[in-house]
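Read through the structure below, which is laid out as structure tokens, and then see the notes.
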Amino acid sequence: MGARSLRAARTAAPIFVAVVGLATPAFAAPSDINTADTAWMIVATALVLMMTVPGLALFYSGMVRKKNVLATMAQSLAAVMIISILWVAFGYSLVFAGDGPWLGSLDRLFLAGMTMDSVNPAAKTIPEALFMLYQMTFAIITVALVAGSVADRMRFSAYLLFSVLWFVFVYVPLAHWVWGGGFLGAMGVLDFAGGLVVHLSAGVGGLVAAKVMGRRQGYGTENLSPFDLSLAVVGTGLLWVGWFGFNGGSALAANSRAVMAIIATHLAACAGALTWGGIEWSVRRKPSVLGMISGAVAGLGTITPASGFVAPWHGIVIGLIAGSLCYWACTSLKLRFDYDDSLDVFGVHGIGGMTGTLLTGVFATAAIGGTSGLIEGNPQQLLLQLYGVAVTLVWSAGVTYALLRLVGAFVALRVSKEHEMEGLDITQHGEALQ
Amino acid sequence: MKLVVAIIKPFKLDEFRQGLTAIGVHGMTVTEVKGYGRQKGHTEIYRGAEYVVNFLPKLRIEIAVASELADRAVEVITSSARTGQIGDGKIFVTPIDHALRIRTGETDSDAL
Chain S
1 MGARSLRAAR TAAPIFVAVV GLATPAFAAP SDINTADTAW MIVATALVLM MTVPGLALFY
61 SGMVRKKNVL ATMAQSLAAV MIISILWVAF GYSLVFAGDG PWLGSLDRLF LAGMTMDSVN
121 PAAKTIPEAL FMLYQMTFAI ITVALVAGSV ADRMRFSAYL LFSVLWFVFV YVPLAHWVWG
181 GGFLGAMGVL DFAGGLVVHL SAGVGGLVAA KVMGRRQGYG TENLSPFDLS LAVVGTGLLW
241 VGWFGFNGGS ALAANSRAVM AIIATHLAAC AGALTWGGIE WSVRRKPSVL GMISGAVAGL
301 GTITPASGFV APWHGIVIGL IAGSLCYWAC TSLKLRFDYD DSLDVFGVHG IGGMTGTLLT
361 GVFATAAIGG TSGLIEGNPQ QLLLQLYGVA VTLVWSAGVT YALLRLVGAF VALRVSKEHE
421 MEGLDITQHG EALQ
Chain W
435 MKLVVAIIKP FKLDEFRQGL TAIGVHGMTV TEVKGYGRQK GHTEIYRGAE YVVNFLPKLR
495 IEIAVASELA DRAVEVITSS ARTGQIGDGK IFVTPIDHAL RIRTGETDSD AL
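Keeping their order, the protein sequence lines are chains S and W. The first sequence begins at 1 in the numbering used here and counts up one residue at a time. The second sequence begins at 435 in the numbering used here and counts up one residue at a time.
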């Protein structure tokens, strides 16, 4: 910056100096927008959008049967198309404009009042427009995540309607409560990049949706094996890289904290993949590729709230715990409670988000994020985290249930038996993989 | 003329083809098929969900040979496709009533 302004000053003719001299008093508050922060956040925004399409689209569709691959991708695409527009229309305003305990304001409806120099108080060194765009990508992926639990059987029209309502009544309030100046954030509940707002809310929403929708036909009796796990591996790779923008970008600046968050994130993914694969190797005699990628995503989801608050090496411990707990949830818990969460949204994201949020209260390190956790002698933080988990759990579960009942009163949530047999690709979209 | 139908393990195809070429069999039809015999299937596990897969991938190979070559062909197939493990496959031999090469109109043994 210094060198550049010097060069600018040298090349600028005296006329320019005079103009600037005259103009200066007009800018009451000179903007603190930092070009390095802005550049990083543009990249991070692109990375997080890439997580939904094609990342999540590939991850999910690789795990369904061949007849439902396109329909599963359509759900991720729909989340991008719809939530982006709703976010600009009113979502951003309700979450991030104004810091009331329950909801933001309508000051930024359709981005009203957003100018070239405006910044959000939460990120004063980047343009407000960029902050808005970055946060948009989080809303998109959260809505898209929920769809995995009802894959193979939800009617597309019902999914669209449900997604819009879920975004308005689950995501928007939660995001405001935790990140937009609402009561959870104000109390001191820590959630760096979305353990509560993204993963737990989507995981619990998915669990409730799976329960309300009922099991897939043939669940427990027929072979429902994945169409092409290599797609899921490619999807996991894109999610993994995208997560650098998800967690690293949540520092909202190009700084050391972003890098610390990225290291913790990467290590958690590695440890999660190793753990899940290792458990399978000892229990089932073979480490599956699906197990390794599931463990990686479990590690990534679990480190999400903690990254930026914990030391990098904590990522390994958190990944290890994530791999074990999520493995248990997907292979034992699901069978015991007999719900058909098709792609384990609850088992991976719900359990991961919950575990990660609690572990943030254990491992939080003042030198990284300014807050101490249990290990540094602040047990209070763990209680706060527990409170955040409880509020998110109850809100997401209750509202998701009510919304599904509401949507179900107008359109059938599920496709007909015949259509389920035939596949959603051909019956919902008129296309099929050959 | 005999039609020899062999169901074999997919990875044995190259040995199979070389063996038959060596004794003068110069054509075959190969189809990817699924099925089971004594081997039954195997179990696949996806995040704890176990599926028994009954039908395993095999190759179904058809060759048409002159009657006097049939026994020799069966011997070659047996030796080239055998691993000694369960699932090596089966060979069926049936008579052919008539054969015709579409391009030239040649018939029976001239058409093989």
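Just so you know, even glycine gets a beta-carbon here, dropped at the ideal spot from N, CA and C.
{"Item": "Below 9 angstroms between beta carbons is the criterion; list the residues of the region 222-238 of chain S that meet it against any residue of chain W, in chain order.", "Value": "GLU222, ASN223, LEU224, SER225, PRO226, LEU229"}
{"Item": "Which residues, in order along the region 315-341 of chain S, keep a beta-carbon less than 9 angstroms from a beta-carbon of chain W?", "Value": "TYR327, CYS330, THR331, SER332, LYS334, LEU335"}
{"Item": "From what residue to what residue does the beta strand (DSSP E) around ALA483 (chain W) run?", "Value": "483-487"}
{"Item": "LEU290 (chain S) CB to nearest chain W CB: under 7 angstroms?", "Value": "yes"}
{"Item": "How close, in whole Å, do the beta carbons of ALA144 (chain S) and PHE131 (chain S) come, if the pair is a contact with beta carbons under 8 angstroms?", "Value": "The Cβ separation is near 21 angstroms, so there is no contact."}
{"Item": "Going straight from the alpha carbon of ALA26 (chain S) to that of ILE303 (chain S), what length do you get?", "Value": "Low per-residue confidence applies at ALA26 (chain S): pLDDT is 41, beneath 50, and the placement is therefore not dependable enough to give any value."}
{"Item": "Using the C-alpha atoms, what's the distance from GLY235 (chain S) back to GLY55 (chain S)?", "Value": "4 angstroms"}
{"Item": "Would you say LEU200 (chain S) and MET354 (chain S) are within 7 angstroms of each other, going by their C-beta atoms?", "Value": "yes"}
{"Item": "Going by the CB atoms, is the gap between ALA269 (chain S) and ALA258 (chain S) shorter than 7 angstroms?", "Value": "no"}
{"Item": "Which first and last residues belong to the alpha helix (DSSP H) in which GLY453 (chain W) is found?", "Value": "447-456"}
{"Item": "Does ARG284 (chain S) get closer than 7 angstroms to chain W when you measure Cβ to Cβ?", "Value": "yes"}
{"Item": "For ILE479 (chain W), would you say it is in contact with chain S, using Cβ-to-Cβ distances shorter than 7 angstroms as the test?", "Value": "yes"}
{"Item": "Would you be able to state if there are at least three C-beta pairs under 8 angstroms between the region 159-171 of chain S and the region 78-93 of chain S?", "Value": "yes"}
{"Item": "In chain order, what residues of the same chain have a beta carbon less than 7 angstroms from the beta carbon of GLY104 (chain S), not counting five sequence neighbours either side?", "Value": "SER93, LEU94, VAL95, PHE96, ALA97, GLY98, HIS176, GLY180"}
{"Item": "Tell me which residues share the same chain as SER288 (chain S) and place their Cβ nearer than 7 angstroms to its Cβ, disregarding the 5 neighbours each side in the sequence.", "Value": "GLU280"}
{"Item": "Using 10 angstroms around the beta-carbon of GLY430 (chain S), count the other beta-carbons present and answer buried if the total reaches 16, otherwise exposed.", "Value": "exposed"}
{"Item": "What would DSSP say about LEU490 (chain W), mapped onto helix, strand or coil?", "Value": "strand"}
{"Item": "Can you tell me whether DSSP reads ARG537 (chain W) as helix, strand or coil?", "Value": "coil"}
{"Item": "Can you give me the C-alpha to C-alpha distance between ALA186 (chain S) and PHE410 (chain S), rounded to a whole angstrom?", "Value": "38 angstroms"}
{"Item": "Give the residues of chain S in contact with GLY482 (chain W), contact being defined as C-beta atoms less than 8 angstroms apart.", "Value": "CYS330, THR331, SER332, LYS334, LEU335"}
{"Item": "Mark THR427 (chain S) as exposed unless 16 or more other C-beta atoms lie within 10 angstroms of its C-beta, in which case mark it buried.", "Value": "buried"}
{"Item": "Taking the beta carbon of ALA13 (chain S) as the centre, do at least 16 other beta carbons fall within 10 Å, making it buried, or is it exposed?", "Value": "Note that ALA13 (chain S) scores 43 on pLDDT, short of 50, meaning its location in the model is unreliable; the coordinates nonetheless yield the value given after this. Looking at its Cβ environment, which holds fewer than 16 other Cβ atoms inside 10 Å, ALA13 (chain S) is exposed."}
{"Item": "Taking PHE156 (chain S) and ALA74 (chain S) to be in contact with their CB atoms under 8 angstroms, please state how far apart those CB atoms are, rounded to whole angstroms.", "Value": "7 angstroms"}
{"Item": "Helix or strand or just coil, what does DSSP make of VAL464 (chain W)?", "Value": "strand"}
{"Item": "Could you confirm whether any beta carbon from chain S is found closer than 7 angstroms to the beta carbon of TYR470 (chain W)?", "Value": "no"}
{"Item": "Once you ignore the five residues that flank VAL208 (chain S) on each side, which residues in its own chain have a CB closer than 8 angstroms to its CB?", "Value": "SER396, ALA397, THR400, TYR401, LEU404"}
{"Item": "Helix, strand or coil, according to DSSP, for HIS429 (chain S) in the structure here?", "Value": "helix"}
{"Item": "Could you name the residues of the same chain whose beta carbon sits closer than 8 angstroms to that of GLY356 (chain S), not counting the 5 residues immediately before and after it, in chain order?", "Value": "GLY195, HIS199, GLY301, THR302, ILE303, THR304, PRO305, ALA306, ILE318, ALA322"}
{"Item": "Taking the continuous alpha helix (DSSP H) assigned at LYS286 (chain S), which residues delimit it?", "Value": "First-last for LYS286 (chain S): undefined, no H or E at that position."}
{"Item": "Starting from the beta carbon of SER294 (chain S), find every residue of chain W whose beta carbon is closer than 9 angstroms, and list them in chain order.", "Value": "ARG481"}
{"Item": "So, using beta-carbon positions, are ILE140 (chain S) and THR38 (chain S) closer together than 7 angstroms?", "Value": "no"}
{"Item": "For MET154 (chain S), which residues does DSSP report across the bridge?", "Value": "S:ARG414"}
{"Item": "In three-state DSSP terms, what is ALA440 (chain W)?", "Value": "strand"}
{"Item": "Assuming contact is defined by CB atoms lying nearer than 7 angstroms, are VAL69 (chain S) and SER61 (chain S) in contact in what I supplied?", "Value": "yes"}
{"Item": "Drop a sphere of 10 angstroms on the beta-carbon of LYS468 (chain W), count the other beta-carbons inside from all chains shown, and report buried for 16 or more, exposed for fewer.", "Value": "exposed"}
{"Item": "On a Cα-Cα basis, can you pick out the residue from S:GLY272, S:GLY308, S:ILE262, S:GLN381 that is closest to ILE316 (chain S)?", "Value": "S:GLY272"}
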